[in-house]
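Chains as they are written, first to last, in this note's numbering: chain X, 1 to 175; chain G, 176 to 360; chain P, 361 to 491.
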Amino acid sequence: MALTSLVVGMSDCKVTRDADAVLVTYALGSCIAVAMHDPLTKVSGMLHYMLPESAIDSRKAEQNPFMFADTGIPRLIDELRAAGGDGKRMVVRLTGGAQVLDSRGVFQIGKRNYLAARKILWKAGILVAAEAVGGEVSRTIRLEVGSGRLWVREGGGIERELVRSNGAKGRNDNE
Amino acid sequence: MPPELDQPSSQPAGTLYQPGRLDQEPAAPDTVRCVMADVMEAMFFTEAEPTACEHAWLGGARCARIRFGGSHFGEMLLGVSAEAADPIGASFLGLDPMELTEAQRSQVIQELANILCGAILSKLWPESKLALSSPKLSRWEEWPDVEALHHCFAIPEGLIGVSIRLTAALDSPAAGPPSDRPLAA
Amino acid sequence: MAYSVLIVDDSPVMRSFIRRVLNISGFELGECTEAGNGIEALAQLSAHRVDVILTDINMPGMNGEELMLRLSADGTLKTTPAVVISTDATNERIVRMIELGAKGYMAKPFTPEKLRDELERVLGDRDAARA
Numbered sequence: 001m002a003l004t005s006l007v008v009g010m011s012d013c014k015v016t017r018d019a020d021a022v023l024v025t026y027a028l029g030s031c032i033a034v035a036m037h038d039p040l041t042k043v044s045g046m047l048h049y050m051l052p053e054s055a056i057d058s059r060k061a062e063q064n065p066f067m068f069a070d071t072g073i074p075r076l077i078d079e080l081r082a083a084g085g086d087g088k089r090m091v092v093r094l095t096g097g098a099q100v101l102d103s104r105g106v107f108q109i110g111k112r113n114y115l116a117a118r119k120i121l122w123k124a125g126i127l128v129a130a131e132a133v134g135g136e137v138s139r140t141i142r143l144e145v146g147s148g149r150l151w152v153r154e155g156g157g158i159e160r161e162l163v164r165s166n167g168a169k170g171r172n173d174n175e
Numbered sequence: 176m177p178p179e180l181d182q183p184s185s186q187p188a189g190t191l192y193q194p195g196r197l198d199q200e201p202a203a204p205d206t207v208r209c210v211m212a213d214v215m216e217a218m219f220f221t222e223a224e225p226t227a228c229e230h231a232w233l234g235g236a237r238c239a240r241i242r243f244g245g246s247h248f249g250e251m252l253l254g255v256s257a258e259a260a261d262p263i264g265a266s267f268l269g270l271d272p273m274e275l276t277e278a279q280r281s282q283v284i285q286e287l288a289n290i291l292c293g294a295i296l297s298k299l300w301p302e303s304k305l306a307l308s309s310p311k312l313s314r315w316e317e318w319p320d321v322e323a324l325h326h327c328f329a330i331p332e333g334l335i336g337v338s339i340r341l342t343a344a345l346d347s348p349a350a351g352p353p354s355d356r357p358l359a360a
Numbered sequence: 361m362a363y364s365v366l367i368v369d370d371s372p373v374m375r376s377f378i379r380r381v382l383n384i385s386g387f388e389l390g391e392c393t394e395a396g397n398g399i400e401a402l403a404q405l406s407a408h409r410v411d412v413i414l415t416d417i418n419m420p421g422m423n424g425e426e427l428m429l430r431l432s433a434d435g436t437l438k439t440t441p442a443v444v445i446s447t448d449a450t451n452e453r454i455v456r457m458i459e460l461g462a463k464g465y466m467a468k469p470f471t472p473e474k475l476r477d478e479l480e481r482v483l484g485d486r487d488a489a490r491a
């Protein structure tokens, strides 16, 4: 059966429980993608945000909460719960946060985006299952809603599955 | 108080380990910077960058002092700027800053001093014996000793200052009268 | 099955941090009790059994090394897995605590996820040993 591709753009978020869907986001540089999957109900979501804190531009945050970690991640969690997902069961993976010279000319924003996600998830009572963050590569990811498996392509490389290793986090850190 | 904080290391003469001096440790400044970054990122979810020292803010900072013994004797002083104390306490505990109690505010600063001191000394001298006192709330002091190590850091929430110095063992003739000794357990 | 845990640390906020990790790690957590030093820990353990002990080292009263010594000398308690959670990462201390029977050693700083991974490993080993 053909899988339905749901593309998550920059400053965007999608939630679905369609087991035939695949959530995809492209060109993660310094941005972070937060992918969540409830293995029981299959409710899944993906957020692709650009900046850590909405206080720098609260008008923009009102127009689009998914641009910022501190407005986007709580919205993602709320939408997942509304769709029948359970926060305690969620498998959460982080990707992106690379140190790239992006359109703003800022190097450090990748790490700040990553730390913002960890802080907000910790406050929400959620631990990260696996991550592929840092380094200097652009990443593209896809989350299969039916299986919960997440695949990462880094730079021009081959796609690999992001899993938890024994005692580690499936982290690919090129730093 | 840990017995190791009262007595010099009981290593017999002729053993390989020799206590070091901070001013003669070329690795010491980088060690402090790396450990500060690791601690703040792993457990406080924030980024610490070295910054120029302008110490006016330290008068109003929340500070903790911790003493250490074993192979080296000394103390570390930590200062966290007033505006940073609540956000980092809240980050550590997973709370909103408004939810922090006064006791938690102090305890987080004390625990940060504990983590920093142990991690810095363990990384600098991994083959040493190490014992740490319970961290105590304190006021900031400037230590002009040539042997003292000092760095200031900027975090998005505010500023952090760290000073470390080696002192003589407590019961050695060079120690002088005891001052601010931790209470015996 | 639900795991019961004893957290031994003289810092109330460090105990809160550890407790939070336990609560959100996905383990089936039963009773989670706390002690401020080795003396309080032994008093707790004389009253009820636990599945894992998480202990600091530098504590007033009785430190973690002395606690491990007492546990290893107790015919019943020596089978309870203990994980050290400490800012002391010197080699001699790590070796000493492992010699005294510690099943794991978490040197601070660590992320919440790293603590979760270590607990999964230790509890998994314990379950495998009992199977």
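Yeah, the Cβ is synthetic: ideal placement off N, Cα and C, and Gly gets one too.
- Cβ pair G97 (chain X), I32 (chain X) closer than 9 Å: In this structure, I32 (chain X) lies closer than 9 Å to G97 (chain X) by Cβ.
- Query: Whose C-alpha, out of P:S371, P:G398, P:G386 and P:V444, is nearest the C-alpha of E480 (chain P)?
  - Reply: Minimum Cα-Cα distance from E480 (chain P) among the listed residues P:S371, P:G398, P:G386 and P:V444 corresponds to P:G386.
- Message: Once the 5 residues before and after S11 (chain X) are set aside, which same chain residues still bring their CB inside 6 Å of it?
- Response: M50, N64, F66 and M67
- Have a look at the DSSP bridge pairing and note the partners of L150 (chain X). X:L143
- Hey, could you find the ends of the alpha helix (DSSP H) F243 (chain G) is sitting in? Careful: F243 (chain G) lies outside any alpha helix (DSSP H), inside the beta strand (DSSP E) at R237 to G245.
- Message: According to DSSP, T393 (chain P) sits in a beta bridge with which residue or residues?
- Response: For T393 (chain P), which the question treats as bridged, DSSP gives the partners P:L366.
- In the structure shown, what three-state DSSP assignment does V410 (chain P) receive? coil
- In the structure shown, what three-state DSSP assignment does M457 (chain P) receive? helix
- Distance, L233 (chain G) Cα to S256 (chain G) Cα: 7 Å
- Query: Interface residues of chain P around L127 (chain X) at Cβ under 7 Å?
  - Reply: Those are I384, S385, P472, E473 and R476, listed as they occur along chain P.
- Query: For the beta strand (DSSP E) that contains F219 (chain G), what are its first and last residues?
  - Reply: Here F219 (chain G) belongs to no beta strand (DSSP E); instead the alpha helix (DSSP H) covers A203 to F219.
- Message: Looking at V24 (chain X): is its Cβ nearer than 9 Å to the Cβ of R118 (chain X)?
- Response: no
- Message: For G498 (chain P) and V128 (chain X), I'd like the C-alpha separation in whole angstroms.
- Response: Only positions 361 to 491 of chain P appear in this structure, which leaves residue 498 (chain P) out of reach.
- Message: Would G264 (chain G) and I284 (chain G) be called neighbours here (beta carbons separated by less than 9 Å)?
- Response: Going by C-beta atoms, G264 (chain G) is nearer than 9 Å to I284 (chain G).
- Hey, E222 (chain G) and I295 (chain G): beta-carbon distance below 9 Å or not? no
- Report the residues of the stretch 204 to 230 of chain G with a CB closer than 7 Å to any CB of chain X, ordered along the chain. E216, F220, T221 and E222
- Message: Any beta carbon of chain G sitting closer than 9 Å to that of T393 (chain P)?
- Response: Not closer than 9 Å to any Cβ of chain G, the Cβ of T393 (chain P) fails to qualify, so no.
- Inter-residue CB distance, A83 (chain X) and V34 (chain X) (contact presumed, cutoff 8 Å): Actually they are not in contact, since the Cβ atoms of A83 (chain X) and V34 (chain X) sit about 15 Å apart, beyond 8 Å.
- Sub-9 Å separation of T440 (chain P) and V410 (chain P) beta-carbons: yes
- Message: I need the boundaries of the beta strand (DSSP E) containing E131 (chain X), first residue and last residue.
- Response: A130 to V133
- Task: Determine the chain P residues that contact W151 (chain X) at a beta-carbon separation under 9 Å, and present them in chain order.
- Result: Simply none; closest approach about 21 Å.
- Query: Does the beta carbon of V444 (chain P) sit closer than 9 Å to a beta carbon anywhere in chain X?
  - Reply: no
- Item | Whole-angstrom C-beta distance between S54 (chain X) and D70 (chain X), which should lie under 8 Å | 5 Å
- Query: When the Cα atoms are used, what is the spatial distance from V207 (chain G) to C392 (chain P)?
  - Reply: Taking the straight line joining both Cα atoms gives about 35 Å.
- Enumerate in chain order the residues of its own chain whose CB-to-CB distance from L252 (chain G) is below 6 Å, with the five nearest sequence positions on each side excluded. R240 and S338
- So, M419 (chain P) versus G398 (chain P), is the Cβ gap smaller than 9 Å? yes
- Query: Roughly how many whole angstroms lie between the Cα atoms of L483 (chain P) and K463 (chain P)?
  - Reply: In a straight line, the C-alpha of L483 (chain P) is about 10 Å away from that of K463 (chain P).
- Message: Can you tell me whether D370 (chain P) is buried or exposed? The criterion is at least 16 other CB atoms within 10 Å of its CB, across all chains shown.
- Response: buried
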